[in-house]
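For the sequence shown, position 48 matches number 47 in numbering that gives the first Met the number 0, and the numbering has no gaps at all.
Even glycine gets a Cβ: it sits at the ideal position worked out from N, Cα and C.
Structure first, commentary second.
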Amino acid sequence: MKIELLFLAFAAYVILQFFSLRVLRGHLMSAAVVSAVVGALITAYTIIAFLLASNLWPLMLLLSAPWMLLYLVLLLILNVLVNPRPLGNRHRWSQSKP
Numbered sequence: 000m001k002i003e004l005l006f007l008a009f010a011a012y013v014i015l016q017f018f019s020l021r022v023l024r025g026h027l028m029s030a031a032v033v034s035a036v037v038g039a040l041i042t043a044y045t046i047i048a049f050l051l052a053s054n055l056w057p058l059m060l061l062l063s064a065p066w067m068l069l070y071l072v073l074l075l076i077l078n079v080l081v082n083p084r085p086l087g088n089r090h091r092w093s094q095s096k097p
């Protein structure tokens, strides 16, 4: 796998993490928070390794990013399957007021 794709997987993970924390509710939100904590710890480890001038500083981040991204995608798919909503009722402002 190309290294550029692994860096893109991390960027996609970060974007999807913010999106999932905004969209998910209940137990799925708790699962997304666990993913955010793990991602933050891995990012902190990567930054510390970079500051210590380790030649393998991005290794942990690059190897874990695709798995973290897959985890979030599966959470969002599970959210759609468990909580189906009609398209017209997605936003509060689109609902009719009595």
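From the DSSP output, in three-state form, read off residue i for me.
i   : result
S19 : helix
N82 : coil
P65 : helix
G38 : helix
Pick out whichever of the options has its Cα sitting closest to the Cα of residue i.
i   : options            : result
A75 : I2, Q16, K1        : The amino acid at residue 75 is misidentified as Ala; the sequence shows Leu. When only C-alpha atoms are compared, the closest one is Q16.
S63 : E3, V72, G38, A31  : G38
A35 : L80, L71, R84, V79 : L71
A43 : W56, V81, A31, N78 : W56
A8  : L77, M67, L58, L27 : M67
I need the boundaries of the alpha helix (DSSP H) containing residue i, first residue and last residue.
i   : result
L51 : Careful: L51 lies outside any alpha helix (DSSP H) and carries neither H nor E.
- prompt: Is the region 43 to 52 close to the region 15 to 26, with three or more CB pairs under 8 angstroms?
  reply: By the C-beta criterion, the region 43 to 52 is judged not to be in contact with the region 15 to 26, since fewer than 3 inter-stretch pairs fall below 8 angstroms.
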